[in-house]
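> Residue numbers (our numbering): 76 to 305.
Cβ atoms here follow ideal geometry from the backbone N, Cα and C, with glycine treated the same way.
Let me give you the structure first, and then I'll get to my questions.
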Ligand code: DC
């Protein structure tokens, strides 16, 4: 069977990771969550006093800390997914918290952070048979990916889904804060200088505003199958 790279890009909270996990399971591919890496760097900065408040992120301190940050992924038998580890500690839940979401765009616009993480992502994907999701996978990380999907949904629908996830996870957040966070990350990710979020010219768009997870998966897997037999 042909081995391919599947790149999933799109705005925050549009179901990329859910779709990527479904695809990886179906195809027995490796799923790589590139956003988890930017979140892990952000968490390190929060836990080590490098981020204090919005106005006070010192780029030099973030860059200097990169040598002390080791990110890895380990398979979790219970969930059937990979968990993110930061310097040997499991941070899978912590990196999804709002305090991390609030600063991750500011960290992910730093050129040196991106260079380090892109190199890591390219290494993880070099043997193909990989599904990777993020913001620049089809444009920067794997510009030659055999299949590029651009996943999107209306902003209010995305925010409502993310809000529900927070509540289900026992996190106390307001819907207004989640809407604000999703909108500001959309803006920051799309307008940053380094590798902004843009749809690759050869990406195929799936708008899942009114599709269930299963319907989104069906659309995507038929596109994958077309690639695998072509
Ligand atoms: O996919 P996510 O929401 O967990 O990503 C968190 C943030 O990380 C997102 O707001 C922008 C950044 N990111 C990025 O800049 N490039 C990627 N390939 C993945 C994520």
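#1: Keeping to the same chain, check which residues put their C-beta closer than 7 angstroms to that of residue 302; ignore five residues upstream and five downstream.
#2: Do the stretch 111-122 and the stretch 260-272 meet, that is, are 3 or more Cβ pairs less than 8 angstroms apart?
#3: Quick check: the Cα distance between residue 55 and residue 293, rounded to an integer number of angstroms?
#4: Tell me, please, which residues DSSP counts as bridged to residue 223.
#5: Along the beta strand (DSSP E) that carries residue 207, what are the first and last residues, could you check?
#6: Any heavy atom of ligand 1 within a distance shorter than 6 angstroms of the CB on residue 253?
#7: Within a Cβ cutoff of 8 angstroms, which residues of the same chain sit near residue 298, ignoring the five residues on either side of it in sequence?
#8: Quick one: using the 10 Å Cβ neighbour count with 16 as the cut-off for buried, is residue 247 buried or exposed?
#9: Flag this pair as touching only if the stretch 204-217 and the stretch 273-287 have three or more C-beta atom pairs under 8 angstroms; answer yes or no.
#10: Let me check you understand the geometry: is the CB of residue 124 closer than 6 angstroms to at least one non-hydrogen atom of ligand 3?
#11: Within the chosen definition, does the stretch 162-173 reach the stretch 106-115 through at least 3 CB pairs nearer than 8 angstroms?
#12: At which residue ranges does the stretch 122-175 contain complete alpha helix (DSSP H) runs of 4 or more residues, listed in the order of the chain?
#13: Between residue 107 and residue 164, is the Cβ-Cβ spacing less than 7 angstroms?
#14: Going by DSSP, name the residue or residues bridged to residue 279.
#15: How close, in whole Å, do the beta carbons of residue 134 and residue 269 come, if the pair is a contact with beta carbons under 8 angstroms?
#16: Tell me, please, which residues DSSP counts as bridged to residue 107.
#17: Considering residue 93, what are the terminal residues of the alpha helix (DSSP H) in which it resides?
#18: Between the Cα of residue 195 and the Cα atoms of 162, 219, 147 and 231, which residue gives the shortest distance?
#19: Suppose the cutoff is 6 angstroms on Cβ atoms and the five residues either side in sequence are ignored; what does the same chain contact list for residue 136 look like?
#20: Quick check: residue 238 and residue 250, are their CB atoms within less than 7 angstroms of each other?
#21: Can residue 165 be considered in contact with ligand 1, in the sense that its beta carbon sits closer than 6 angstroms to one or more heavy atoms?
With the given structure in hand:
#1: Residue numbering aside, residue 302 sits at position 227 when the chain shown is read from its first letter. Answer for residue 302: 79, 221 and 222, listed in chain order.
#2: Under the Cβ criterion (8 angstroms, minimum of three pairs), the stretch 111-122 does not count as touching the stretch 260-272.
#3: Residue 55 lies beyond the residue range present for the chain, which begins at 76 and ends at 305; the question has no answer from this structure.
#4: By 1-based counting over the chain shown, the position of residue 223 is 148. 82, per the DSSP bridge assignment.
#5: What you label residue 207 is simply residue 132 of the chain shown in a count that begins at 1. Unbroken beta strand (DSSP E) run through residue 207: 205-209.
#6: For this step, residue 253 is matched to residue 178 along the chain shown. With a cut-off of 6 angstroms, the C-beta of residue 253 is classified as distant from ligand 1, since no heavy atom of the ligand falls inside that distance.
#7: Working through the chain shown from its first residue, we reach residue 298 at position 223. These residues qualify, in order along the chain: 222, 224 and 279.
#8: Taking the chain shown and counting its residues from 1, one reaches residue 247 at position 172. The residue in question, residue 247, is exposed, as its Cβ has fewer than 16 Cβ neighbours within 10 Å.
#9: Yes, they touch.
#10: Within the structure as shown, ligand 3 is missing, the only ligands being ligand 1.
#11: Taking a contact to require three or more Cβ pairs closer than 8 angstroms, the stretch 162-173 and the stretch 106-115 qualify as touching.
#12: As summarised for the stretch 122-175, the continuous alpha helix (DSSP H) elements at least 4 residues long and confined to that stretch are 134-140, given in chain order.
#13: Stepping through the chain shown from its first residue, residue 107 is reached at position 32. Stepping through the chain shown from its first residue, residue 164 is reached at position 89. No; because the gap between Cβ atoms is not below 7 angstroms, this pair is not in contact.
#14: Looking up residue 279 in the chain shown gives position 204. Partner(s): 224.
#15: Numbered from its first residue, the chain shown carries residue 134 at position 59. Numbered from its first residue, the chain shown carries residue 269 at position 194. That pair is no contact at about 12 angstroms.
#16: Here residue 107 refers to the residue found at position 32 of the chain shown. Listed as beta-bridge partners of residue 107 by DSSP are 207.
#17: Here residue 93 refers to the residue found at position 18 of the chain shown. That run of the alpha helix (DSSP H) goes 91-102.
#18: The residue labelled residue 195 in the question sits at position 120 within the chain shown. If we check each option's Cα against that of residue 195, 147 comes out closest.
#19: Position 61 of the chain shown holds residue 136. Result list for residue 136: 125, in chain order.
#20: If you number the chain shown from 1, residue 238 lands on position 163. If you number the chain shown from 1, residue 250 lands on position 175. Taking 7 angstroms as the Cβ cut-off, residue 238 and residue 250 qualify as a contacting pair.
#21: Here residue 165 refers to the residue found at position 90 of the chain shown. For residue 165, the distance from the CB to the nearest heavy atom of ligand 1 is not below 6 angstroms.
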